[in-house]
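Have a look at the structure below, then the notes.
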Amino acid sequence: MIRSLRALSALLAYPSTDLQQHIGEIRTALAGERLLPTAALAALEPLLSSLEQGDLFDLQADYTDLFDRSRKLSLHLFEHVHGDSRERGAAMVDLGQTYLDHGFIISVSELPDYLPLFLEFLACRPFSEARAFLGEPAHVLAALHQRLSDRTSVYAGVFTALLALAEAKPDREALKALLQSGPDPSETDTDEDWREPPVTFGRPDHEAGGPTGLIAKIRAGRRSVAARS
Numbered sequence: 023m024i025r026s027l028r029a030l031s032a033l034l035a036y037p038s039t040d041l042q043q044h045i046g047e048i049r050t051a052l053a054g055e056r057l058l059p060t061a062a063l064a065a066l067e068p069l070l071s072s073l074e075q076g077d078l079f080d081l082q083a084d085y086t087d088l089f090d091r092s093r094k095l096s097l098h099l100f101e102h103v104h105g106d107s108r109e110r111g112a113a114m115v116d117l118g119q120t121y122l123d124h125g126f127i128i129s130v131s132e133l134p135d136y137l138p139l140f141l142e143f144l145a146c147r148p149f150s151e152a153r154a155f156l157g158e159p160a161h162v163l164a165a166l167h168q169r170l171s172d173r174t175s176v177y178a179g180v181f182t183a184l185l186a187l188a189e190a191k192p193d194r195e196a197l198k199a200l201l202q203s204g205p206d207p208s209e210t211d212t213d214e215d216w217r218e219p220p221v222t223f224g225r226p227d228h229e230a231g232g233p234t235g236l237i238a239k240i241r242a243g244r245r246s247v248a249a250r251s
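What follows is the structure in structure tokens.
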């Protein structure tokens with residue numbers, strides 16, 4: 023178990039009393055595993071302190087304003103990679119199949135590309151494999167980091183840490199295309215038309231038509247983003 027990835031997954035979850043009560047343990051796990059450089063640990067401290075000391079209702083409202091009301095800050099990876107294209111559904115099925123192929127069964131009502139869920143999966147993989155997987159969407163992580171930093175959000179620290187763990191340089195053209203595409207990141211978007219119903223992959227014998235691989239899907243998404251820019 024890669025505790026740092028599991029801790030970062032927890033920090034990206036909707037704030038709760040349980041999360042607040044375990045911030046000390048999360049801080050200890052991040053420091054104790056020694057996978058993150060000092061600068062990345064320091065970048066996480068404002069979020070840790072905020073979650074530890076803040077009013078829960080305020081924390082939840084801030085979280086909703088950030089991640090639930092703008093596509094540009096969505097925590098669903100394929101929202102940034104494929105948008106509303108038909109490739110998104112196929113990529114979602116393939117990622118769910120990838121989880122199943124590795125014995126990881128989704129038991130919550132959440133889409134497979136939800137970043138905290140993806141990090142939970144990676145936390146269960148060997149570190150070299152997890153790092154390689156994490157590096158593939160580095161341009162998405164970097165775009166989210168930039169957008170959150172522009173808002174002076176304490177959540178930017180999570181993406182500082184993820185990029186440090188990935189040790190991958192984001193594709194510059196793909197990152198540029200992401201940052202330049204679509205509406206302003208401050209624009210709220212609560213239109214139910216783009217909210218997809220959650221799905222659960224609960225059976226190990228689920229047949230999804232055969233995986234083509236997360237890496238291939240994300241690389242294809244890079245090309246499609248660049249083509250749209």
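Residue numbers (the working numbering): 23 to 251. The C-beta atom is built at its ideal place from N, Cα and C for all residues, glycine as well.
Taking 8 Å as the cut-off, the Cβ atoms of Ala-165 and His-102 count as close. As the crow flies, the alpha-carbon of Leu-144 is around 14 Å from that of Leu-57. In this structure, Glu-47 sits away from Ser-26, with a CB-CB distance that is not shorter than 8 Å. Leaving aside the five residues that flank Tyr-177 on each side, the residues in its chain whose CB is nearer than 7 Å to its CB run, in chain order, Leu-69, Leu-88 and Leu-170.
One alpha carbon belongs to Gln-43, the other to Gln-75, and they sit about 10 Å apart.
Less than 8 Å divides the Cβ of Leu-99 from the Cβ of Leu-137.
In the same chain as Ala-61, and ignoring 5 residues on each side of it, no C-beta atom comes closer than 7 Å to its own. For Val-180 against Leu-66, the beta-carbon gap comes to about 7 Å, under 8 Å, which counts as contact. In the assembly as shown, Met-114 is a buried residue. Its beta-carbon has 16 or more other beta-carbons within 10 Å. Contact check for Tyr-85 and Tyr-36: beta-carbon distance about 6 Å, within the 8 Å limit, so the pair qualifies. An exposed status is given to Pro-59, since fewer than 16 other beta-carbon atoms sit within 10 Å of its beta-carbon. Under DSSP, the beta-bridge partners assigned to Tyr-136 are His-98. Residue environment for Ser-96: buried (at least 16 other C-beta atoms within 10 angstroms of its C-beta). In the three-state DSSP reduction, His-44 falls in the coil class, being neither helix nor strand.
According to the DSSP assignment, Met-114 belongs to the alpha helix (DSSP H) that extends over 109-123. In this structure, Gln-168 is the residue among Ala-186, Ala-190 and Gln-168 with its C-alpha nearest to the C-alpha of Lys-198. Around the beta carbon of Ala-32, 16 or more other beta carbons sit within 10 angstroms, so the residue counts as buried. Setting aside the 5 residues that flank it on each side, Phe-126 is surrounded in the same chain by Phe-143 and Cys-146, each with a C-beta closer than 7 Å to its C-beta; the list follows chain order. Relative to the Cα of Ser-38, the nearest Cα in the group Thr-50, Pro-148, Asp-77 and Ala-64 belongs to Asp-77. The beta carbon of Ala-186 sits closer than 7 Å to the beta carbons of Leu-58, Pro-59 and Ala-62 from its chain, once the five residues preceding and following it are set aside; these are given in chain order. Closest in C-alpha terms to Lys-191, from the list Glu-158, Asp-172, Arg-173 and Arg-110, comes Glu-158.
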